[in-house]
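Chains as they are written, first to last, in full-length UniProt numbering: chain A, 1 to 482; chain B, 1 to 317.
In structure tokens, the structure reads:
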């Protein structure tokens, strides 16, 4: 195939690269021109070398349902997705503002609960939250920060604006794919980097290390930081290992750690060694079999006690997931006003809470137009896409909502923007979202761009890698000569 | 360094070396075949026995033909020491430890795994097989070179080196075993007219270990069974000789904490090698002697595991 932009049409959807058939957006003009100049053979060679690079670099993720298949190569499309630097600066501010407010909220919830006393957030919402951990009440983590690492999902509607779809505060994944995507693109299109001013993304592991080191209970220059993984069978194992490697820290499993005298140690060939900071990539409930799930073999007995005594820092802090709830999400704009006294820079997607009777009635009446999500699922599981569901599926979902209204919220079907991917005859539009990663420790930072996830199937809105989504390299491009 | 990581990376070193040595072992057999008089049958099943894999091989090893043994040794995933299985195991262990090695190391192992997965089962015929085996040997050499050239000589490096040298000592002793007693049919070996062929056999053993030139420089005499066996077991300088591997183990142990037991077990085997009467053994009992060497090697592994690896936790079912 060769790319002909005149025959590329995203229809009613906002396209990231091409504003109308034949007309690339200003920020993508050079890229579009370059791509259109590639021969069929060059494109095929690019695709092939991307596949080869991904296979050799061992970039993979796991799909749980494929029994016997431990890891699968990362699906990647070679066309980069482009964002203008000016727009990104604004978005970045909005993301930092959001995470600051979320951290104020979590700290407040586990301490004074002012937001409830001031009647900004209804008390019953908290009482029903499955991610609220009573064990954490009264805890004051270093710097007042609970969620040090946040992956927020942004989508762009037909109006061309970014909306925040959700905030992932538990164990957000994907950042390693963002970093590897850039490496792959550099391997296959080195010439593009000479003609574009693209913000680099490689700083992330250093920033992550600084964020983690800043919360060490011992004031050391190089505290012992570890990445705690559930192990090789976890879908994001590649990332755990990758981040540990990039930060130059140990990658540990639960069995490597032991708690003695309320301090955490790892078993090394020299004997036990003290651990200061744990970047954990396992869920709260598996962290400590003494305090949570007693059957967990992934966690470390006594870990929570060590944390509550302040002898070890855990990122994200246990209990931080209380703000990672699709119902609590709808209150983030209010939180920003309440805690920071500022107007939200980035809007939420309009949302309806099923726990509220009038909003629930609206949802039940308009199920064919709405997307309904359970409050605490991730990875796109357990949701209903009303316009694409059958009558029977909608009826089943209505029953579930009535049975447990607190657990559901609904949003209008936002038209995700599109971006071109390599198709069989020409570039073809596919729906995408964007997951930037935000860090908050002593300072805040945001990745330049983030992970662009692509729904590889035509017309599909499901971008999750666990459900067959792919990705593209994401460029924040500084435009020259205004 | 974490005990679990030490264990994994040690096994990665072992499996990489096992893969290379299995390739070399197959080469001895194949090359030997080309030099022997027509009509002499070479025992392919002994390859399976030498590797200690009889229980995984579905047929009678005595009647085994070249094709089925090659299928078994190259790409059979039911054989835990086939080239493909060894590389798959090396890759799994490397995947778990990739963050402590230069990133090219994992890329190389991963690439070799895919190479074997795509080619091992179709390389049963001799011509393709030769290319495959040479390529595997080269890739493992590249792995070793990459570590030597780009990895800090820290504890992680030492555990890889431990795995490599222990495995190599084990395999060299097995290759000597092949040469001494197992490949040639008994009647043939005892026939005095076969003497030149015995020398051909030992030359191909040396060549399979890339050791022919080193042997000639060291021994000066023409190739003969006694000298080759002593060279491969006792030479301190040839990298694939058992004694040399043991010196390397000593070297690594000396830099690791709490290494008393491990040092002790190496010293025991070195003493045994030094005092052995090979002239007598060559006439009778070499095979049994090599069995005891392999038991001692197993003992060294045991002391490494108890000293540095994670304690084996008994999980109640």
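Yeah, the Cβ is synthetic: ideal placement off N, Cα and C, and Gly gets one too.
DSSP places residue 174/A in the coil class of the three-state scheme, outside both helix and strand.
If you check the CB distance, residue 318/A and residue 104/A do not come in under 7 Å. For residue 202/A, there is no enclosing alpha helix (DSSP H), as DSSP gives it neither H nor E. A contact is defined here as three or more CB-CB pairs under 8 Å, and the segment 23-39 of chain B fails this definition with respect to the segment 149-158 of chain B. When DSSP states are grouped into helix, strand and coil, residue 162/A belongs to the strand group. For residue 116/A and residue 181/A, the gap between their C-alpha atoms comes out near 43 Å. With three or more CB-CB distances shorter than 8 Å, the segment 297-313 of chain B counts as touching the segment 256-271 of chain B. Taking a C-beta cut-off of 8 Å against chain A, the contacting residues of the segment 103-121 of chain B are 103, 106, 107, 110, 111 and 114, listed in chain order. Residues of the same chain with a CB within less than 6 Å of the CB of residue 49/A, apart from the 5 flanking positions on each side, are 188 in chain order. By the 16-neighbour rule on beta-carbons within 10 angstroms, residue 177/B is buried.
Apart from the 5 residues on each side of it in sequence, residue 241/B sits with its Cβ closer than 6 Å to the Cβ of 232 and 235 in its chain, given in chain order.
Taking 8 Å as the upper bound for CB-CB distance, residue 87/B and residue 116/B are in contact here, some 5 Å apart. Sequence-distant Cβ neighbours of residue 141/A in its own chain, meaning closer than 6 Å and more than five residues away, are 317. Assigned with DSSP and collapsed to three states, residue 111/B falls in helix. Residue nearest to residue 137/B within the set 161/B, 15/B, 223/B and 92/B is 15/B (criterion: CA-CA distance).
Distance from the CA atom of residue 128/A to the CA atom of residue 54/A, rounded to whole angstroms, is 43 Å. Taking 8 Å as the upper bound for CB-CB distance, residue 292/A and residue 285/A are in contact here, some 4 Å apart. Residue contact check for residue 245/A against chain B: a CB pair falls below 7 Å. With fewer than 16 other beta carbons inside 10 angstroms of its own, residue 154/B counts as exposed.
The three-state secondary structure of residue 181/A, taken from DSSP, is helix.
When DSSP states are grouped into helix, strand and coil, residue 148/A belongs to the coil group.
Ranked by Cα distance from residue 287/B, the first of 50/B, 253/B and 8/B is 50/B.
Counting the other CB atoms within 10 Å of its CB gives residue 330/A a total of 16 or more, which places it among the buried residues. The alpha-carbon separation between residue 145/B and residue 166/B amounts to approximately 18 Å. Taking C-alpha positions only, residue 21/A is separated from residue 10/A by approximately 8 Å. In the assembly as shown, residue 327/A is a buried residue. Its beta-carbon has 16 or more other beta-carbons within 10 Å. Straight-line measurement puts the Cα of residue 255/A at about 21 Å from the Cα of residue 257/B.
Counting C-beta atoms within 10 angstroms of its own C-beta, residue 254/B has fewer than 16 neighbours from the protein chains shown and is therefore classed as exposed.
A Cβ-Cβ distance of about 11 Å is found for the pair residue 26/A and residue 480/A, leaving them out of contact under the 8 Å criterion. For residue 251/A, the neighbours in chain B by C-beta distance under 7 Å run, in chain order, 99. DSSP places residue 271/A in the strand class (E or B) of the three-state scheme.
Taking the Cα positions, residue 20/B is about 24 Å away from residue 199/B. Judged by DSSP secondary structure, residue 418/A falls within the beta strand (DSSP E) whose first and last residues are 418-422. Burial is judged here by how many other beta carbons sit within 10 angstroms of a residue's own beta carbon; residue 166/A has at least 16 and is buried.
Within chain B, no C-beta atom comes less than 8 Å from the C-beta of residue 59/A; the nearest is roughly 10 Å away. Residue pairing by DSSP places residue 388/A in no beta bridge whatsoever.
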